[in-house]
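Notes follow the structure.
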Amino acid sequence: MTGPSRSPILDVGSRAVFHTVLVVAVYLLCSGHNAPGGGFIAGLVAGAAFVLLDAANDFDPAARRGRLPPEVLLGAGLAVAAATGLTSLAAGATFLESDFVSLSLPGFGTVKATTALVFDVGVFLLVLGMVLAVVDRLGEEPE
Amino acid sequence: MIPALIAWHALVASAAPVLARRLGRRVFLWCALAPAVTLGWIVAVAPKVRAGDPATASIRWVPALGLELGFRMDGFGLLMAGVVAGIGLLVFAYARSYFAGHEHPKLGALGAHLVGFAGAMFGLVTADNVFALFVFWELTAVFSFLLIGFEDTKGSARGAAREALLITSLGGLALLAGLVLLTQAAGRASLAEILASPPRGGTVTAALVLVVVGAATKSAQVPFHSWLPAAMEAPTPVSAYLHSATMVKAGVYLVARFAPAYGATGVWRPLVIGIGLATMLVGGYRALRQHDLKLLLAFGTISQLGFLFVVFGAGTPTATKAGTAVLLAHALFKAALFLVTGIIDHQAHTRDIRRLDGIGRHHRLLAATGIAAAASMAGIPLSFGFVAKELALETWIDGPFAGPGNAAVLAGVVVASMLTVAYSARFVWGAFAAKGAFPGARAVGADMPAPSLAFLAPAALPAAAGVLFGLVPGRIGSLVVDAAAALGSVAAKGPAGAGLELWHGFTPALGLSALVLTGGGVLVAARRRVERLQTDAPSPVGAATGYQRSLEWLNLVADRTTAVLQNGSLPTYVAVVTITVVVVPGAVLVRHLQVPDGLVAAESWVQLAVVGLLAVAVGALVRIHRRFAAVLLVGAVGFLVAGLFVLQGGADLALTLVLIETLGIVIFVLVLRHLPERFRAPVGRGVVAARAAVAVAGGVFVTGFLLTAGAARTAAPVGEALIDQALPLGGGRNVVNVILTDFRALDTLGEISVLLVAALGIGALVTAGRGRSREEQR
Chain A
10 MTGPSRSPIL DVGSRAVFHT VLVVAVYLLC SGHNAPGGGF IAGLVAGAAF
60 VLLDAANDFD PAARRGRLPP EVLLGAGLAV AAATGLTSLA AGATFLESDF
110 VSLSLPGFGT VKATTALVFD VGVFLLVLGM VLAVVDRLGE EPE
Chain B
110 MIPALIAWHA LVASAAPVLA RRLGRRVFLW CALAPAVTLG WIVAVAPKVR
160 AGDPATASIR WVPALGLELG FRMDGFGLLM AGVVAGIGLL VFAYARSYFA
210 GHEHPKLGAL GAHLVGFAGA MFGLVTADNV FALFVFWELT AVFSFLLIGF
260 EDTKGSARGA AREALLITSL GGLALLAGLV LLTQAAGRAS LAEILASPPR
310 GGTVTAALVL VVVGAATKSA QVPFHSWLPA AMEAPTPVSA YLHSATMVKA
360 GVYLVARFAP AYGATGVWRP LVIGIGLATM LVGGYRALRQ HDLKLLLAFG
410 TISQLGFLFV VFGAGTPTAT KAGTAVLLAH ALFKAALFLV TGIIDHQAHT
460 RDIRRLDGIG RHHRLLAATG IAAAASMAGI PLSFGFVAKE LALETWIDGP
510 FAGPGNAAVL AGVVVASMLT VAYSARFVWG AFAAKGAFPG ARAVGADMPA
560 PSLAFLAPAA LPAAAGVLFG LVPGRIGSLV VDAAAALGSV AAKGPAGAGL
610 ELWHGFTPAL GLSALVLTGG GVLVAARRRV ERLQTDAPSP VGAATGYQRS
660 LEWLNLVADR TTAVLQNGSL PTYVAVVTIT VVVVPGAVLV RHLQVPDGLV
710 AAESWVQLAV VGLLAVAVGA LVRIHRRFAA VLLVGAVGFL VAGLFVLQGG
760 ADLALTLVLI ETLGIVIFVL VLRHLPERFR APVGRGVVAA RAAVAVAGGV
810 FVTGFLLTAG AARTAAPVGE ALIDQALPLG GGRNVVNVIL TDFRALDTLG
860 EISVLLVAAL GIGALVTAGR GRSREEQR
């Protein structure tokens with residue numbers, strides 16, 4: 010559906026900021042363990058980026074073609090989170106117990122890698138999927 | 110090894126649907142690998158286990174709760190596991206031929222569910238931890254549900270599957286409650302340990318009643334038996350396996366385990382034996398008037414399961430031995446009979462005895478198989494069923510009840526056994542006799558194609574075993590004795606420790622056997638009169654009707670409750686919740702109201718300013734009439750609260766709130782497109798005043814609650830410990846995130862699961878409404 014209801018400013022603006030917002034979301038996801046952020050917040054930010062894009066397209070389902078269905082994100086998120094728990098169980102720890110290693114990477118300095126981040130990635134995917142599922146459904150034209 | 114075998118079942122089951130795409134119905138041969146390996150292991154450990162050294166295994170499950178997956182296979186478990194694996198092997202071999210000619214797209218799933226069931230059943234009879242036992246118990250119910258509903262495009266199959274699931278899981282709940290009470294009383298969760306030194310008392314009596322209810326639903330006892338005839342919707346291999354030889358024995362298995370320990374306790378024998386007798390008689394009576402061979406067998410199974418309750422329920426050494434023998438005999442002959450019925454159904458395309466005519470004359474081997482198995486069912490001498498039944502009668506000749514109690518039970522068993530003889534004869538006559546088709550039915554039989562040997566063999570094997578064990582009961586007798594000994598009531602080599610014998614001499618039991626056969630013979634001879642009598646007799650309220658009624662009643666209650674509690678008015682919901690909160694904890698709060706020392710009204714002017722703006726926004730919100738403006742104002746309130754969080758240093762919280770508010774407004778706006786622009790016409794003054802009162806009361810309560818909660822603290826806040834541990838244990842400086850992804854990760858996992866369900870639910874609700882309106886448009 011293209012036409013008069015579309016705003017060119019919103020259209021261009023949303024495309025301009027879309028990728029930047031996604032990068033911010035990934036940053037929030039990765040830094041969440043030490044600074045404000047985390048999977049939940051990052052998922053919401055990423056969701057907002059997509060919602061902005063959708064709003065510019067007037068929530069036209071055709072514009073979403075080629076995108077993963079949100080249900081896949083929902084399922085993948087829960088699967089990743091649950092798999093993290095099972096991995097720690099398999100490693101002999103209790104369910105969902107976390108572990109971390111400090112790596113020093115040239116150029117980055119010391120980087121801490123935690124299994125909690127993997128769990129948070131699951132949360133991120135699921136929250137993103139939830140936002141998209143709700144907005145996609147409600148955004149369809151009322152009859 | 111036991112957990113590994115269960116895992117092997119899971120592996121075979123999960124590969125089955127994939128393999129079925131290439132193998133077709135040969136996938137059942139792959140499936141047979143699961144029981145085959147199990148059977149091999151059982152044979153290998155049998156000498157050790159029978160010598161009194163059970164095979165055990167244990168896996169850590171939830172150590173914090175003292176839960177472990179404990180397994181212990183003693184002699185009785187060995188016999189049960191042997192039946193599960195042995196019959197399983199036959200059923201898989203049989204299924205390959207049974208499904209010839211109709212390549213069903215779901216055959217892989219069927220095989221997978223059958224293997225899954227076999228694994229669950231194997232776990233059930235080897236589990237020692239009662240909660241592990243319960244989990245396997247419920248798993249068998251789930252697989253049974255899936256298998257009964259195999260033809261999921263048929264409404265009757267779905268209804269039967271639902272009925273079986275509802276009734277058996279109701280019993281499952283009772284069983285769980287009983288097991289919890291029992292473990293509480295005993296202080297341990299190992300079945301063997303509980304039964305070795307059984308706790309007593311009022312709680313335990315209640316626990317026993319609950320366990321018996323669970324066992325009765327699973328083993329289709331009166332009044333819960335209606336699901337078993339309905340379950341005959343399943344394909345015949347499934348009926349043969351689950352609904353005659355194994356799963357329905359699960360309840361009997363529990364009774365057998367508990368009876369030696371609790372047989373002498375007040376409530377046990379009257380309850381179990383009463384249920385069993387009623388079931389025997391009802392099952393036998395109903396079997397006599399069935400025209401569908403499968404239904405005839407189903408009611409026969411109900412009757413036999415009642416018999417097993419009666420025999421095992423006594424709990425005496427002779428009874429335990431007799432019960433074990435009957436259980437084994439029944440598994441053999443009933444599996445054979447079902448498989449024979451399946452062959453007839455497959456070859457002749459009917460199993461209605463009004464149409465079958467003269468199959469016995471043309472298919473000698475098939476008829477011999479059916480007759481041998483039916484003879485064992487009727488307890489004709491020289492069959493294993495006869496040996497077992499003699500033992501059972503002996504139990505009650507010098508039985509555990511004093512005086513007339515014994516005689517009453519014995520009389521009931523004798524009458525029910527006569528019915529058994531009669532319906533066994535009806536099966537043979539109905540399936541094989543050259544009797545001509547009934548008026549108005551087209552006869553089938555002479556033109557029925559002969560079944561292949563591979564099709565017939567799985568049915569013939571157990572039938573032949575029934576004859577062999579009857580003629581030479583010595584070998585199998587020692588296995589039965591070892592199994593009964595493991596139940597803990599048979600003294601090592603007492604009189605009851607002797608093996609099984611075909612010929613006991615001229616004992617009272619033999620006299621009763623003769624009486625049973627004569628009575629059964631009379632019923633057979635007078636079958637036309639019996640049938641007319643049954644047709645004319647007023648049909649009492651059947652269990653199937655009872656099930657329907659209770660289901661309707663349940664729906665009615667649910668509808669009425671929902672209509673009251675969920676009337677669809679949001680203001681009513683909010684009011685009910687708020688008033689409940691204000692009245693219930695509020696009444697306590699009034700008496701304990703405290704204000705913390707050194708309460709500061711505001712820390713800065715900025716704080717005051719934000720609160721002032723909040724007040725303005727809220728004030729405007731309650732006066733506004735346009736939905737869109739109201740949504741924006743709600744958002745504004747959220748952003749201002751986020752501002753307060755920032756002032757207090759809660760960056761994470763503020764960030765989350767801002768994002769939620771932003772997306773919330775977007776979603777609100779999307780929803781608004783479906784709603785009228787303005788709120789409904791203003792309500793009356795009285796209603797407004799009442800709402801204002803509720804709102805103010807809610808606000809006052811929350812304020813008072815927060816003040817009191819802040820002042821009433823005596824223990825150190827748990828938060829400080831979490832802050833201290835965040836870096837060393839969680840490796841992160843953001844405490845909130847460490848809590849979410851580490852300390853309380855399980856909570857988070859639960860919460861995101863809720864999010865997932867909510868997201869899918871919203872999608873379903875929105876599309877459901879649309880779908881309907883679209884259909885209406887068409």
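Chains as they are written, first to last, in the working numbering: chain A, 10 to 152; chain B, 110 to 887.
Ideal Cβ positions, reconstructed from N, Cα and C, are used throughout, including at glycine.
Proximity of residue i and residue j at Cβ, strictly below 7 angstroms
| i | j | result |
| --- | --- | --- |
| residue 478 of chain B | residue 496 of chain B | no |
| residue 153 of chain A | residue 70 of chain A | Because chain A is modelled from 10 through 152, residue 153 of chain A falls outside the range shown and cannot be assessed. |
| residue 888 of chain B | residue 444 of chain B | Here chain B comprises residues numbered 110 to 887, so residue 888 of chain B is not present and cannot be evaluated. |
| residue 222 of chain B | residue 256 of chain B | yes |
| residue 54 of chain A | residue 861 of chain B | no |
| residue 625 of chain B | residue 553 of chain B | no |
| residue 388 of chain B | residue 331 of chain B | yes |
| residue 416 of chain B | residue 486 of chain B | no |
| residue 220 of chain B | residue 125 of chain B | yes |
| residue 405 of chain B | residue 460 of chain B | no |
| residue 716 of chain B | residue 768 of chain B | no |
| residue 592 of chain B | residue 188 of chain B | yes |
| residue 502 of chain B | residue 621 of chain B | yes |
| residue 62 of chain A | residue 23 of chain A | yes |
| residue 359 of chain B | residue 275 of chain B | no |
| residue 199 of chain B | residue 558 of chain B | no |
Beta bridge counterpart(s) of residue i as assigned by DSSP
| i | result |
| --- | --- |
| residue 179 of chain B | B:167 |
| residue 553 of chain B | B:465 |
| residue 299 of chain B | B:238 |
| residue 658 of chain B | Its beta-bridge partners do not exist; DSSP assigns none. |
| residue 732 of chain B | For residue 732 of chain B, which the question treats as bridged, DSSP gives no partner whatsoever. |
| residue 401 of chain B | B:461 |
| residue 669 of chain B | DSSP output for residue 669 of chain B lists no bridge partner at all. |
| residue 787 of chain B | B:735 |
Host alpha helix (DSSP H) of residue i (start-end)
| i | result |
| --- | --- |
| residue 676 of chain B | Careful: residue 676 of chain B lies outside any alpha helix (DSSP H) and carries neither H nor E. |
| residue 263 of chain B | Segment: none, residue 263 of chain B is in no alpha helix (DSSP H) and carries neither H nor E. |
| residue 341 of chain B | Careful: residue 341 of chain B lies outside any alpha helix (DSSP H) and carries neither H nor E. |
| residue 761 of chain B | 760-781 |
| residue 395 of chain B | 377-396 |
| residue 131 of chain B | 111-132 |
| residue 592 of chain B | 582-595 |
| residue 914 of chain B | Outside the modelled stretch of chain B, which goes from 110 to 887, sits residue 914 of chain B, for which no answer is possible. |
| residue 643 of chain B | 636-645 |
| residue 202 of chain B | 184-207 |
| residue 503 of chain B | 493-506 |
Supposed contact pair residue j and residue i - C-beta distance, whole angstroms, cut 8 angstroms
| i | j | result |
| --- | --- | --- |
| residue 285 of chain B | residue 370 of chain B | Actually they do not touch by this definition, with Cβ atoms about 20 angstroms apart. |
| residue 489 of chain B | residue 468 of chain B | About 21 angstroms separates the two Cβ atoms, so there is no contact after all. |
| residue 474 of chain B | residue 431 of chain B | 32 angstroms between Cβ atoms; not a contact. |
| residue 589 of chain B | residue 425 of chain B | So it is not a contact: roughly 15 angstroms between Cβ atoms. |
| residue 816 of chain B | residue 704 of chain B | 5 angstroms |
| residue 317 of chain B | residue 296 of chain B | With a Cβ gap of about 17 angstroms, residue 317 of chain B and residue 296 of chain B do not count as contacting. |
Worksheet entry | Cβ-based contacts, 9 angstroms cut-off: residues of the stretch 38-51 of chain A near chain B | 40, 41, 42, 43, 44, 45, 46, 47, 48, 49, 50
Practice prompt. Identify each residue in the stretch 777-792 of chain B for which the Cβ-Cβ distance to at least one residue of chain A is less than 7 angstroms, and report them in chain order.
Written response: 779, 780, 782, 783
Fill in: Near-chain B residues of the stretch 51-62 of chain A (beta-carbon distance less than 8 angstroms), N- to C-terminal order
53, 54, 56, 57, 60
Worksheet item: Listed in chain order, which residues of the stretch 834-851 of chain B have Cβ atoms closer than 8 angstroms to some Cβ of chain A?
Response: 839, 840, 841, 842, 843, 845, 846, 847, 849, 850, 851
Discussion item. Give me the subset of the stretch 853-865 of chain B whose CB atoms are less than 7 angstroms from a CB atom of chain A, sorted by chain position.
Written reply: 854, 855, 857, 858, 861, 862, 864, 865
Worksheet entry | Under 9 angstroms (Cβ pairs) to chain A, residues found in the stretch 729-758 of chain B | none
Worksheet entry | Positions along the stretch 687-714 of chain B whose CB lies within less than 7 angstroms of some CB in chain A | none
Fill in: Residues of the stretch 74-108 of chain A with Cβ closer than 9 angstroms to any Cβ of chain B, in chain order
79, 80, 83, 84, 86, 87, 90, 91, 93, 94, 103, 104, 105, 106, 107, 108
Item to complete: Would you list, in chain order, the members of the stretch 250-276 of chain B that have their beta-carbon closer than 8 angstroms to a beta-carbon of chain A?
Response: none
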